Amino acid sequence: KSYHLHNEHQHTQKVIEDLKSGQNIALITDAGTPGISDPGYLLAKAIADENLEMQCLPGATAFVPALVISGLPNNEFLFAGFLPAKKGRQTKLKQLAAEQRTIVLYESPHKINTTLEQIKEFFGDETKVSLSREISKKFEETKRGKIDELIAFSKSKTLKGEIVLVVNNNI
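If you count the sequence shown from 1, position 63 lands on 57 in my numbering, and the numbers rise without skipping.
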């Protein structure tokens, strides 16, 4: 059965019932690790709440390789996922700008220019950023530099695919 953002609330209880009846269930994603900016958290929480057995196989998630290849401090970091679409976005950016750790964000191609401009506004001109896209795919690409360099880069071409931003304004 398909389990996604639009039906996870309806299907979670059925999965729990199936597990209790002895069935083995696997949640597999075609776009990263379940629960990391993708559906899966509600199911994992429900399984844990019922004290049922659960395993997680290590798998692909774009932010780990993006963080490693960013060249920014990665001993402590904050994974913030996607920024709010509208409501709360500026509040969230203000909170993140006060963060001492490296910040990892996901962003869509159609919002990347706006997001980079907002990072400059809230984090400042000296902010270091790494932009990685299409991690582990044929057209993987990473660009590193100060925020103005990344703004110029993103405006110079049409970026496609999943984008990971790694941001640090403390070095």
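In this text, a Cβ means the ideal position worked out from N, Cα and C, and glycines have one as well.
The structure presented is a predicted model; accordingly, all values stated were derived computationally and were not measured.
In the three-state reduction of the DSSP assignment, N1 falls in the coil class. The C-alpha of T121 is placed about 12 Å away from the C-alpha of L90. Note on geometry: alpha-carbon atoms of D119 and L66 lie some 16 Å from one another.
In the structure shown, I97 falls within a strand segment according to DSSP collapsed to helix, strand and coil. In this structure, the beta-carbon distance from E2 to L37 falls below 8 Å.
Where F117 is concerned, the enclosing alpha helix (DSSP H) starts and stops at I106 to F117.
Cβ-Cβ separation between L144 and K137: approximately 6 Å, consistent with a contact (criterion under 8 Å). Counted as a single uninterrupted DSSP element, the stretch harbouring E120 is not any beta strand (DSSP E), since DSSP gives it neither H nor E. Taking 8 Å as the cut-off, the Cβ atoms of T96 and N18 do not count as close. Closest option to P59, judged by alpha-carbon separation, among K86, H5, S124 and S150: S124.
It is roughly 19 Å from the alpha-carbon of Q94 to the alpha-carbon of V158. Between the alpha carbons of D43 and N107 lies a distance of about 41 Å. Here T6 carries a helix assignment [DSSP, helix/strand/coil]. Distance from H(-2) to P33 at the Cβ level is roughly 6 Å; contact confirmed, criterion being Cβ atoms closer than 8 Å. DSSP, read as helix, strand or coil, puts K137 in strand. An exposed status is given to S102, since fewer than 16 other beta-carbon atoms sit within 10 Å of its beta-carbon.
Shown here, A79 sits in coil according to DSSP, grouped into three states, outside any helix or strand.
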